[in-house]
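S.K.: Going from the sequence shown to our numbering is simple: count from 1 and add 970.
Structure incoming, see below.
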Amino acid sequence: NVAWAVQSGTNNSGATNGPSLHVFVTRDQGRSWTNITGDLPDVPVNAIVVDPDTSPRQIYIGTDIGVFRAADAAGAWTYFNAGMPPVIVNQLAYVRATGTLVAATYGRGVWVISPRLSR
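If you want it as structure tokens, here you go:
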């Protein structure tokens, strides 16, 4: 029933149109989508992953300046690089068995983060 989607890109049409929308959630099997971009900076969002073992769920996104996280699609995003440089994150994966987040970056390798120890 619940799914998340991200959109890469920025608002190139001028400041009067406001920031770009980057992160969305549906809670009704895709019939409607809610913008949860919230307070994110206007940078491309390339990846999203959800930690299914937390309550509320922690959502992680990979952007062109690193990783951000929010609690259960609230739209209040926190910068979450955990020692990683501010680089483009192309892919994210959550390894449930170890409780770790894996971030694949552009030009700076792959980073493994333990989100539960970083809270």
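Yeah, the Cβ is synthetic: ideal placement off N, Cα and C, and Gly gets one too.
Bear in mind that the values here come from a model prediction, so they are computed numbers and not experimental data.
(1) Determine which residues share a DSSP beta bridge with Val1013 and list them.
(2) What number of angstroms, rounded off, separates the C-alpha of Leu1062 from the C-alpha of Pro1011?
(3) Roughly how far, in whole angstroms, is the beta-carbon of Ala1073 from the beta-carbon of Val1020, given that I think they are within contact range, below 8 Å?
(4) Ala975 to Gly1053, Cα distance in whole Å?
(5) Here's the rule: buried if 16 or more other CB atoms are within 10 angstroms of the residue's CB, otherwise exposed. What is Ala1040?
M.R.: So, from the data block:
(1) DSSP lists no partner for Val1013.
(2) 19 Å
(3) Rounded, the Cβ-Cβ distance is 15 Å, inconsistent with contact.
(4) 26 Å
(5) buried
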